[in-house]
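All remarks here apply to the structure that follows.
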Amino acid sequence: RDFCLSRGLGDVYKRQLPQRGLHVVWSTDLPLYCVVRPDHALASSADVTLNDVRNHANVVQSRALPIRRILEARHSWMFSNGPPPVVTNSLQLLKHLVVEGNHVALTSEMDAAPELLDGRLVGISVSGINIPAQSISVAISSGRVLPRMTMMVSDILADEAQSLLAAVRAKA
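Residue numbers for the sequence shown, in this note's numbering: 3 to 174.
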């Protein structure tokens, strides 16, 4: 999914990285997760399939995001069979509908990290054929001279992102 946080020193990418001009400081895969409330019927499942997810009220990210386009290309039946999902551009609204209602959502551990850590959401691995994964990377420009502070900030950002994911995965 396209997401780039840029402050002129370095970037966090949650999509495929450009091939040239970047030094990757840190990178890891983000498997697709189904997030639900702790009292939801799927919450006790070790893993779920897309069919399991489709049998429940869904909230999905908009077509503007690559993860949604990939899901539609590989698993179009998810969006055409059954009741239509709630579609939003807002990650906050997506998580709110899951936390406060009976919706389920497909997202990553990083997107739902605060709610997974505080117990408002439960993350369940999505299994099956052609399940898309995302990745996250901290990268800095290698095509220009950057202040030494750039590497320091990107190292801190990489450490924080890695620690956050480790905490989420340890709780799972």
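Every residue gets a Cβ at the ideal spot worked out from N, C-alpha and C, and that includes glycine.
- For L32, no alpha helix (DSSP H) encloses it; the enclosing beta strand (DSSP E) starts and ends at 24-32.
- When the Cα atoms are used, A163 and M80 turn out to be separated by approximately 31 Å.
- The criterion of a C-beta distance shorter than 8 Å is not satisfied by V100 and V26.
- For I142, the enclosing beta strand (DSSP E) begins and ends at 136-143.
- Shown here for S137: same chain residues with a beta carbon closer than 7 Å to its own, the five before and five after excluded, namely S29, T30, D31, L32 in chain order.
- In the pairwise beta carbon analysis, the segment 84-102 is classified as not touching the segment 158-172: fewer than three pairs are separated by under 8 Å.
- Excluding residues up to 5 positions away in sequence, C36, V37, V38, H42, L44, V55, H58, A59, N60, V61, V100 lie with their Cβ nearer than 8 Å to the Cβ of V106 in the same chain.
- Residue burial is scored here from C-beta neighbours: L95 has fewer than 16 other C-beta atoms within 10 angstroms and is therefore classed as exposed.
- Scanning its chain for C-beta atoms nearer than 8 Å, with the 5 sequence neighbours on each side dropped, one finds around A135 the residues D31, L32, P33, L34, in chain order.
- Looking at the DSSP output, S127 shares a beta bridge with Y35, D49.
- Counting only runs that start and end inside the segment 56-139, the alpha helix (DSSP H) elements of at least 4 residues fall at 68-76, 79-82, 93-102, 115-119.
- According to the DSSP assignment, V170 belongs to the alpha helix (DSSP H) that extends over 150-173.
- With a contact defined as Cβ atoms closer than 8 Å, S127 and T51 miss out at about 10 Å.
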